[in-house]
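Visitor: Residue numbers for the sequence shown follow the numbering used here, so the first one is 422 and each next one is one higher. Note that beta-carbon positions come from the ideal geometry of N, C-alpha and C, so glycine has one too. All values derive from a computational prediction rather than experimental measurement. Please read through the structure below; I'll follow up with questions.
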Amino acid sequence: MAIQMSGLASGMDINGMVDKLVQAEKAPKQERIDRQMGDIQTDISAYGRLKESLDTMKSLMSDFRNNDALAARRADVDNSDQISVSATSSAAVGRYSVDVQQLATSHKIVSNSIDESTNFGAGSLRIGLGTTSFNVDIEPGNDKLIDIVRQINRAPDNPGIMASVIQDDLGARLVLSGDKTGASNKVRVSVDADPASDLQRFSFNASNASNPMNEMQQALDSRVVLDGLAVITSDSNQVKDAIEGVDLELKALSEGEPSTLSVSYDRDTTRMALEQFVMAYNQYFSVTQELSKYDPATQSGGPLMGDSLVRSSTNQLREAFVSPVEEAPEGLKTLSQLGITTTLEGRLEIDYDVLDRQLNQNFAGLNDFFGGRNGFARRVEDLIHSYTGITGSIRSRENSLNEQQTRLLTEQTKLDDRIESVRKRTYDQFSAMDSAMGQMNSQLTYMQSMFPTGNGGQ
């Protein structure tokens, strides 16, 4: 901004006068823009809160429908030292005997004792694990036992073989361990070297009757017997779907004392899910009350007071709550039959006696009530989506408000430009006036100097 000075000729405060005139020109227009911008931002915030509270309910309904939140199962075992267990909503309710007869183990082989200083000479080891294998080329000068261990471990195509050295009273031994359990994941080593080479001491094939290396630990599958009859094997200690929807993690052998596994309906988790839904609706209701309230004492209202969108969303949700789900089982076609009802105030509340009775007697029917294309959850989801979705009513209001905000920002820019122009024009006018007054003063002073000034006649 250019440096401006007060009137030197006139003695007037030109800058102060310009500021006051410009402010008088700008104030009413700026006040209108600020007021409208504030109202728009308040409304945007209000619609955002309303949308957030509705989407919380929508998210819960999606969980009810897609993630079987109301069909949870609980799996318990009487001996957690032997097995741990998890169950999905598809697990069949019941009791099962689980006899862990064998744990899955990884393969481990060990060489006979070797002098650590031995140079093994040139050759190649082809080492395999299961169906994969890789080569390790041994060259003179890099052919001691520790060199071979490093090359095995650093091989880029190593499928999971870990080489190490153990020491005993007779010397060093090479140990090769597979990182995968199961009978199909055996370690094997073939040697391509002179028949007299010390590298031949590392050959191993489980199919051979004898080998230069010894087996420290067999590669075994796990083996479980259910209810004394069904035999299940696995290449790991994670046994999936031995019972439909139930996963087992084997930890220890049963040693003749099988564990008892119980699968039951997870009523506590389901009750909490329903409580979350009730709390989510009541939170939405509180938000609508706050946004649409009227305070007679201050004669002021919330930002959405009188907004038909708030009334329609609440009324449609209440209608959805009382309408029956035709495909649900008898005795569980409405929310009230589940023990969830609307209070006189308009909130939801739970009658736990009714709810617990339904959870105990009709648990399987909950999924029929909430799930499916025509279930309660989808009904509420679709209803909320009509308000909060991309083409929903709330989104339309927000888009309209954003457009108004953009227009006001354009108005603000135009006003700022115009005021700057007014400021410059007004300042130029006062400056010209000050200059003219300066010239007039100069002329007056000159004219006065033309008249003689005496000390009186004699």
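Which residues does DSSP list as the beta-bridge partners of Glu670?
Guide: Note: Glu670 sits in a beta bridge opposite Ser505, Gln659.
Visitor: Among Met478, Arg622, Glu824, Thr827, which one has its Cα closest to the Cα of Glu696?
Guide: Selected option, being the one with the closest Cα: Met478.
Visitor: Who are the Cβ neighbours of Thr509 in its own chain at under 6 Å, not counting the five residues just before and after it?
Guide: If we look at Thr509 and ignore the five residues flanking it on each side, its Cβ neighbours are Gly666.
Visitor: Mind checking which residues open and close the beta strand (DSSP E) that includes Leu682?
Guide: 680-686 is the extent of the beta strand (DSSP E) around Leu682.
Visitor: So, are the CB atoms of Pro633 and Ser624 less than 8 Å apart?
Guide: A contact, by the Cβ cut-off of 8 Å.
Visitor: Using a threshold of 8 Å, state whether the C-beta atoms of Leu641 and Ala604 are closer than that.
Guide: Contact flag set, yes.
Visitor: Three-state secondary structure (DSSP) at Thr463?
Guide: Three-state DSSP puts Thr463 in a helix.
Visitor: By how many angstroms is the C-alpha of Asn436 removed from the C-alpha of Gly428?
Guide: Its pLDDT being 45, under 50, Gly428 is placed unreliably by the model, and nothing is read from it.
Visitor: Thr762 bridges to which residues according to DSSP?
Guide: Looking at the DSSP assignment, Thr762 forms a beta bridge with Glu770.
Visitor: How many Å lie between Ser729 and Arg456 at the Cα?
Guide: Rounded to whole angstroms, Ser729 to Arg456 spans 23 Å at the Cα level.
Visitor: When the Cα of Asn823 is compared with those of Asp460, Ala741, Ser631, which residue comes out closest?
Guide: Of the candidates Asp460, Ala741, Ser631, the one whose C-alpha sits nearest the C-alpha of Asn823 is Asp460.
Visitor: If you measure between the beta carbons of Ser518 and Gly649, is that distance less than 8 Å?
Guide: The answer is yes: Cβ separation under 8 Å.
Visitor: Apart from the five residues on each side of it in sequence, which residues of its chain come closer than 7 Å, Cβ to Cβ, to Met871?
Guide: Once the five neighbours on either side are set aside, Met871 has no close Cβ partner at all.
Visitor: Does DSSP put Ile567 in a helix, a strand or coil?
Guide: Helix.
Visitor: If we count the other Cβ atoms within 10 Å of its Cβ and call it buried at 16 or more, is Gln879 buried or exposed?
Guide: Model confidence at Gln879 stands at a pLDDT of 45, short of 50, so the residue's coordinates are unreliable; what they give is reported in the following sentence. The residue in question, Gln879, is exposed, as its Cβ has fewer than 16 Cβ neighbours within 10 Å.
Visitor: Looking only at its own chain, which residues have a Cβ that is under 7 Å from the Cβ of Ser511, when we skip the five neighbours before and after it?
Guide: Only Glu665, Gly666 meet the Cβ criterion.
Visitor: Looking only at its chain, what residues have a beta carbon closer than 7 Å to the beta carbon of Ala413, apart from the 5 residues adjacent to it on each side?
Guide: Here the chain has residues from 422 to 879 only, and residue 413 is not among them.
Visitor: Excluding sequence positions up to five away, which residues of its chain have a Cβ less than 8 Å from the Cβ of Met861?
Guide: The answer is none, since no qualifying residue turns up.
Visitor: As an exercise, report each continuous beta strand (DSSP E) stretch of at least 3 residues that is fully enclosed by the segment 493-568, in chain order.
Guide: Those beta strand (DSSP E) runs which fall completely within the segment 493-568 and span 3+ residues are 494-498, 504-508, 515-523, 527-531, 544-550, 553-559.
Visitor: From which residue to which residue does the alpha helix (DSSP H) around Asn788 run?
Guide: Where Asn788 is concerned, the enclosing alpha helix (DSSP H) stretches over 784-791.
Visitor: Alpha helix (DSSP H) containing Val746: first to last residue?
Guide: Note, Val746: premise wrong, no alpha helix (DSSP H); not H, not E.
Visitor: Figure out for me which residue from Glu819, Gly549, Leu597, Val775 has the closest Cα to the Cα of Asp578.
Guide: That would be Gly549, whose Cα lies nearest to the Cα of Asp578.
Visitor: Pick from Arg818, Lys845, Lys835, Arg846: whose alpha carbon is nearest that of Ile465?
Guide: When each option's Cα is compared against that of Ile465, the closest is Arg818.
Visitor: What residue from Ser685, Ser643, Leu765, Leu725 has the CA that sits closest to Leu669's CA?
Guide: When only C-alpha atoms are compared, the closest one is Ser643.
Visitor: With which residues is Gln638 paired in a DSSP beta bridge?
Guide: Answer is Lys529, bridged to Gln638.
Visitor: Verify whether the separation of the beta carbon atoms of Glu751 and Thr762 is less than 8 Å.
Guide: It is not a contact, given that the beta carbons lie outside the stated cut-off.
Visitor: What is the rounded straight-line gap between the Cα of Glu748 and the Cα of Met693?
Guide: So the two alpha carbons sit approximately 24 Å from each other.
Visitor: Judging by CA-CA distance, which residue of Gln737, Val743, Ser527 is the nearest neighbour of Gln638?
Guide: Considering only alpha carbons, the answer is Ser527.
Visitor: Can you say whether Gly796 is buried or exposed, counting buried as having 16 or more other CB atoms within 10 angstroms of its CB?
Guide: So Gly796 counts as buried.
Visitor: With Ala798 as the anchor, note down where its alpha helix (DSSP H) starts and where it stops.
Guide: Taken as a continuous stretch (DSSP letters only), the alpha helix (DSSP H) holding Ala798 covers 797-809.
Visitor: Counting pairs of Cβ atoms below 8 Å between the segment 524-541 and the segment 680-693, do you hit three or more?
Guide: Segments in contact, no.
Visitor: Under a three-way DSSP split, which group does Met422 fall into?
Guide: Residue placement at Met422 cannot be trusted, given a pLDDT of 44 that sits under 50; the coordinates are not used to answer.
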